[in-house]
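Residue numbers (the UniProt record's numbering), protein chains in the order written: chain F, 1 to 404; chain U, 1 to 404; chain D, 1 to 404; chain L, 1 to 404.
We treat Cβ as the ideally placed atom computed from N, Cα and C, and that holds for glycine.
The structure presented is a predicted model; accordingly, all values stated were derived computationally and were not measured.
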């Protein structure tokens with residue numbers, strides 16, 4: 001009896017869990033993997049799952065799927081849309097949604113393992129399936145590794161992973177070299193002096209300080225980065241104050257920075273810090289801003305040779321026209337840590353989840369950015385079919401390529 | 001046996017309550033007033049208290065004290081500092097503090113009524129004591145009136161109220177005409193389009209929209225208001241986003257606007273709206289910003305004749321040197337509604353709570369704004385003595401002036 | 001035969017001259033004064049004129065009119081509008097216009113002196129008429145004094161001056177105490193690094209640095225000044241670059257600052273400097289900005305007693321209703337230097353030049369600021385009549401008041 | 001007797017001429033070309049020169065050099081630095097400098113033609129040498145074509161051109177496809193309402209309007225352009241006002257926009273216009289901004305096949321290591337018009353002028369952008385040797401490749 005992947009996907013989608021809180025998701029995935037005959041370790045780096053299938057001598061291939069969801073309020077209008085709530089690390093109750101498609105990753109992984117188990121007579125080697133928490137914090141891979149992953153399962157010869165994206169369903173996108181950007185997440189706290197909203201002169205207004213900082217940070221990309229380079233400085237959150245007539249004492253900005261290289265990373269961080277400090281000075285702040293690094297993600301760099309092998313496998317599976325070079329993605333991933341810590345090649349690819357007709361229409365109209373919801377959007381919703389099937393086939397094809 | 005006002009003050013200070021949630025405070029005040037022999041009505045406009053003392057024929061004088069606290073985290077370091085938490089209307093748990101001194105208002109009122117009761121043989125008329133909720137929302141006076149206050153207690157001939165401020169303890173500040181500014185509280189929601197933090201071009205970034213709006217709003221005062229006029233445009237809160245790598249779909253600003261006249265009010269509101277709409281356009285927003293008025297407070301205008309009488313009473317009580325014209329305050333009050341609805345004169349005055357020596361030193365150094373904590377500051381802490389005593393005497397003296 | 005003041009005014013209006021270049025104007029004024037029998041000194045502080053009329057024992061009264069015009073392109077559409085050009089100190093050819101009404105000042109002064117000469121039998125004392133250059137630079141009074149004025153004419157007992165404004169024609173506005181603000185003129189040079197417009201990352205863009213500075217300077221007034229205080233921070237000029245595709249090496253801002261008191265002057269200058277320096281830091285400037293003070297004007301403070309005398313004279317001359325307290329003007333003047341250097345009282349008043357009907361209509365509509373052109377506007381054009389006559393009568397009445 | 005190219009270069013460098021005013025430069029170039037035996041047409045599109053050398057049957061090759069200088073004040077400190085002044089189209093006297101190296105282009109062209117003439121026995125075909133005015137305005141190529149160039153000289157089979165850059169001297173940089181960006185030059189006039197600097201509320205301040213516009217324009221690149229795309233929005237000049245105490249009536253911005261494709265061009269122009277209009281609205285402008293297109297330059301697109309041939313010739317001449325793909329340049333050129341109008345292939349390449357040792361040191365230190373002066377910098381100064389020789393050899397080698 002085969003697993004009902006559509007039902008699995010819908011169940012996961014309806015029950016998203018925030019990073020490091022994926023107990024239900026982990027348990028469901030572990031259950032399926034155990035049912036399929038794998039040796040399952042749970043609770044790795046809080047909620048991570050590692051499952052091993054030994055099938056004779058041969059290469060060890062790590063297959064990774066991430067499983068956490070986001071504090072986003074789903075607006076897809078789907079029958080199976082999430083209405084879940086969660087509690088974020090600050091203690092706030094927030095809506096939760098699989099706005100990045102990790103539910104699809106877990107579903108496709110379960111489906112791929114089911115196939116690989118079914119056809120185990122055709123290959124030899126060892127599969128290690130990783131169901132990873134907290135990719136959205138850039139922290140889950142690190143947590144599993146720091147929890148002894150490399151010692152608790154067979155060391156890999158290659159690490160494979162995939163991500164669903166707003167490419168048309170049926171399309172695989174992958175490139176050798178830098179596939180996704182490096183990234184830092186910073187929390188900047190600007191210290192002013194609070195007071196009554198009617199007496200601004202007796203305060204140091206952190207709201208204006210924050211606004212000026214946000215405006216000035218735009219120039220890191222617009223003026224200080226070579227137009228041919230790729231860099232992103234996003235202020236993803238800004239928070240200050242509780243009431244219109246109290247000027248608060250501080251403001252908090254959360255920044256997401258992206259760059260393809262370490263060199264650009266270093267100079268971009270310098271510029272950001274310079275601007276943050278200078279804008280506090282411009283406000284006459286009595287205390288230096290606090291700048292905290294919340295995570296640092298390396299660039300996701302695909303091994304040239306291994307990627308060539310994966311591309312060949314995808315072409316055989318889906319046809320040449322379905323495998324494209326999607327260019328560098330400015331998004332970031334923590335999947336690299338598995339390959340970096342193990343010192344082995346990585347292949348990480350994208351597969352499409354967008355309705356191909358809608359995508360084609362948007363492309364013709366030049367409205368892809370507004371019409372096709374992207375990852376992290378409250379409207380992000382991969383087509384269930386054939387996205388599940390393509391995800392299953394892609395992971396299976398790549399795994400088979402590296403198994404003997 | 002007299003009421004221990006210091007103990008009352010400290011108890012209220014330690015147990016602050018957010019607007020419209022002042023059940024404990026109201027109950028304590030009502031208890032004292034009932035003990036003093038007044039007829040007490042509770043639950044007016046949620047938690048308001050009105051207490052009537054009929055003492056023969058004569059004028060009806062309304063004496064008003066407000067009682068709510070603020071979502072501020074106390075940093076005074078006082079032994080009796082608040083560590084209270086409350087739940088704000090949005091459901092967030094927030095610190096609560098009597099950062100505006102309403103605990104002192106309630107304390108002084110109880111003390112003044114105690115004196116007036118004790119010396120009831122010396123005067124005739126009727127006192128109506130109002131313990132008002134939610135002054136900080138600019139909504140509590142309205143709520144009590146809308147709950148039938150004018151029909152449930154004797155109509156006034158004059159309305160009296162007082163506010164503790166960072167003037168030196170011992171000083172009374174009052175002026176005829178406009179004593180405090182009119183004010184509007186607005187909530188502006190800026191609508192962008194959310195998405196992944198690494199793909200700003202696929203979004204309409206509400207954080208940048210909000211920052212540009214805040215910067216542009218500065219020009220309402222700096223460029224568009226006659227430098228000789230008084231106007232304040234404060235953005236007291238700014239909130240957008242939950243995570244560094246998600247560009248949120250919207251941003252919220254809470255604005256506090258101040259002006260001494262209705263004419264300036266109207267043109268300032270127009271300018272604010274014009275800028276908010278234009279900045280949304282500059283961002284290419286697909287939806288107009290939402291601008292909601294949360295409260296509208298009239299100017300607090302002291303009646304010329306009644307104020308002259310109160311000033312005379314204060315001078316007799318405290319000496320000429322202790323009664324000053326403090327100028328227009330840019331803060332706002334909802335006390336006016338009582339006098340406006342009743343169509344009678346208002347006298348509203350300030351009394352000092354700052355350590356006189358510290359105040360004098362700061363004045364000499366030109367550092368009043370930084371050294372003397374103002375209302376709404378987490379460091380605001382009136383000296384207990386003689387502030388309680390002066391508040392008691394001032395309210396008593398003014399009340400006696402208008403009673404026969 | 002009387003002087004044709006209308007013809008004089010129109011001639012001066014058609015032939016405006018920039019500051020310190022008023023040779024024609026000075027010569028015409030000197031000619032009339034000489035014709036009227038005064039002893040005339042020319043060339044004081046470049047182009048200044050001092051003319052003395054000794055008429056027996058009695059007080060010495062200095063009567064001052066300024067005479068320079070502005071680099072403004074007249075747009076009044078008047079038959080006698082200026083089409084003049086001048087060369088500014090930077091060597092640029094610029095349009096020139098009497099946009100501040102100094103042509104009216106000179107005309108009214110000539111007319112007043114003519115009257116005073118005609119009625120010399122009625123008074124005793126000495127009149128010193130000053131026709132001052134370069135009031136617009138805030139430098140002409142200083143230049144005349146530094147050229148020995150106090151030694152070259154009789155020392156005054158009082159200094160009188162007047163300015164035409166957009167009050168309704170027929171109205172005199174004057175107040176004791178601070179009549180006009182103190183002012184500083186600053187030139188700020190921001191140093192970046194130039195380069196090709198297509199390679200911003202290889203430059204330090206002074207245009208963006210300047211724009212950020214201008215935006216931040218708004219907060220000096222909007223956030224850092226007590227809303228009840230009067231302060232103005234105007235960036236009157238901004239210049240950088242010669243071509244769209246060259247990022248220039250520097251940008252220049254010219255600032256005009258206003259405040260009624262020395263204390264506010266000091267802290268405002270500190271704030272401006274702090275912001276200018278911090279914004280250069282935010283840009284990563286390799287060189288500190290250069291901040292140069294171009295002029296410093298003291299507040300124009302009317303002597304209480306002398307002003308009361310002048311007001312009395314004006315009321316006798318024009319009727320009580322025509323003499324008003326116009327409030328503090330945020331504009332500035334260098335007339336003070338004459339009284340300050342001499343250590344004598346000053347009376348400086350305004351007289352209206354606007355069409356009273358148009359003014360009344362604009363006042364009713366609340367559109368004075370947009371409908372009534374103000375000094376320095378390219379549309380500024382006093383009504384010829386009765387403005388000349390009122391100016392003549394006001395100066396004559398005030399002078400007579402202080403002569404015996 | 002050979003031409004002294006160093007002397008020619010130094011003479012041209014010392015005597016730079018602004019766009020469309022290159023009479024001396026054109027005359028010198030024409031003289032040399034005439035001396036070398038070419039048929040010379042002068043005055044094409046004002047000052048352009050076309051010179052034809054017919055040398056038997058064979059391909060017609062157009063060799064183009066531009067000759068205008070820039071309004072930049074030279075700061076190289078070189079013995080032969082320019083101290084020239086010119087009058088720009090606005091009538092202002094400005095410094096003039098060969099800050100873009102067009103003096104080197106003319107020099108290398110004369111040297112290359114001298115060689116080609118000397119070795120005319122070795123090749124057959126026709127050379128047309130174009131000495132073009134006003135490349136810096138993006139207008140000179142157009143002007144020569146509109147003056148009948150295609151009818152007045154033999155039509156080309158290929159167009160060749162070269163530009164000196166801050167690559168190390170000795171290096172040739174060239175790529176097939178898009179070599180330089182498309183570009184638009186815009187002049188934006190923002191209309192406010194002028195007035196006295198002390199009365200901002202009676203004006204609509206165009207300086208603040210301009211500053212807000214500049215800040216907001218940063219977001220076109222930082223937020224609205226795909227980080228992987230190349231776009232530049234430079235405000236190269238900003239001008240408003242004549243005096244610190246007059247708020248001017250308008251401000252002028254000159255923008256230089258860059259993009260590699262027509263699609264990006266269109267959407268970028270839309271965004272710029274949207275922001276300019278919205279910021280005027282935010283200021284309450286009574287008149288819409290005026291947006292004028294000063295020039296539109298197409299992308300400089302190298303023909304794939306012709307570029308391969310040129311690269312082969314360069315490799316033979318300079319060695320493989322000296323010929324690199326420099327990537328897309330965000331600068332723009334009008335050389336394309338010659339090839340586009342004629343409907344023939346273009347090859348346009350760069351050659352280095354920077355001291356190789358200094359360049360290597362800067363590269364090692366990561367300080368190329370600050371240490372190596374780029375085109376349009378007041379410090380831009382190619383090494384005379386071997387830059388002249390490499391420029392001569394490159395132009396000669398490419399020309400020979402396309403001649404039979």
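- Proximity to residue 208/D across 256/D, 281/D and 175/D peaks at 281/D, based on C-alpha coordinates.
- Out of 217/U, 188/U and 220/U, the CA that lies nearest to the CA of residue 206/U is found in 188/U.
- Apart from the 5 residues on each side of it in sequence, residue 63/U sits with its Cβ closer than 8 Å to the Cβ of 109, 112, 113, 127, 128, 129, 130, 160, 161, 395 and 399 in its chain, given in chain order.
- With the rule of 3 Cβ pairs closer than 8 Å, the stretch 249-269 of chain D does not count as touching the stretch 264-276 of chain L.
- A residue is called buried once 16 or more other Cβ atoms fall within 10 Å of its Cβ, and residue 367/L, having fewer, is exposed.
- From the beta-carbon of residue 97/U, no residue of chain F is found nearer than 9 Å; the closest lies around 11 Å away.
- A straight-line Cα-Cα distance of about 13 Å links residue 156/D and residue 53/D.
- For residue 40/U, no alpha helix (DSSP H) encloses it; the enclosing beta strand (DSSP E) starts and ends at 39-44.
- For residue 178/U, no CB of chain D lies under 8 Å from its own CB, so it is not counted at the interface with that chain.
- In this structure, residue 184/L lies away from residue 140/L, with their beta-carbon atoms at least 8 Å apart.
- Taking 4 residues as the minimum length, the alpha helix (DSSP H) runs contained wholly in the stretch 234-317 of chain D are 262-282, in order along the chain.
- Contacts with chain L (Cβ-Cβ distance below 9 Å) from the stretch 351-372 of chain F involve 366 and 369, listed in chain order.
- Under the criterion of beta carbons closer than 8 Å, residue 107/F and residue 8/F qualify as touching, at roughly 5 Å.
- For residue 329/L, DSSP records a beta bridge to 180/L.
- By the neighbour-count definition (other C-beta atoms within 10 Å, threshold 16), residue 193/U is a buried residue.
- A buried status is given to residue 342/D, since no fewer than 16 other beta-carbon atoms sit within 10 Å of its beta-carbon.
- Here residue 368/D is not bridged, per DSSP, to any residue.
- Secondary structure of residue 130/F (DSSP, three-state): strand.
- Rounded to whole angstroms, the separation of the alpha carbons of residue 132/L and residue 142/L is 10 Å.
- Under the Cβ criterion of 8 Å, residue 344/U is not counted among the residues facing chain D.
- Judged by beta-carbon spacing, residue 144/L lies within the 8 Å limit of residue 45/L, meaning their Cβ atoms are closer than that value.
- Against residue 200/D, the close residues of chain F are 222, 223, 224 and 227, in the order they occur along the chain (beta-carbon pairs closer than 8 Å).
- The shortest CA-to-CA distance from residue 146/L to any of 337/L, 158/L, 51/L and 118/L is the one to 337/L.
- By the rule that beta-carbons nearer than 8 Å mark a contact, residue 208/U touches chain L.
- Among the residues of chain U, those whose CB is under 9 Å from the CB of residue 327/D are 228, following chain order.
- Annotation: residue 249/L to residue 292/U spans about 34 Å, alpha carbon to alpha carbon.
- Secondary structure at residue 379/U: coil, using DSSP grouped into helix, strand and coil.
- Close to residue 219/L, with beta-carbon spacing below 8 Å, are these residues of chain F in chain order: 218 and 222.
- Under the Cβ criterion of 8 Å, residue 122/U is not counted among the residues facing chain L.
- Residue 93/F: member of the beta strand (DSSP E) spanning 93-95, first to last residue.
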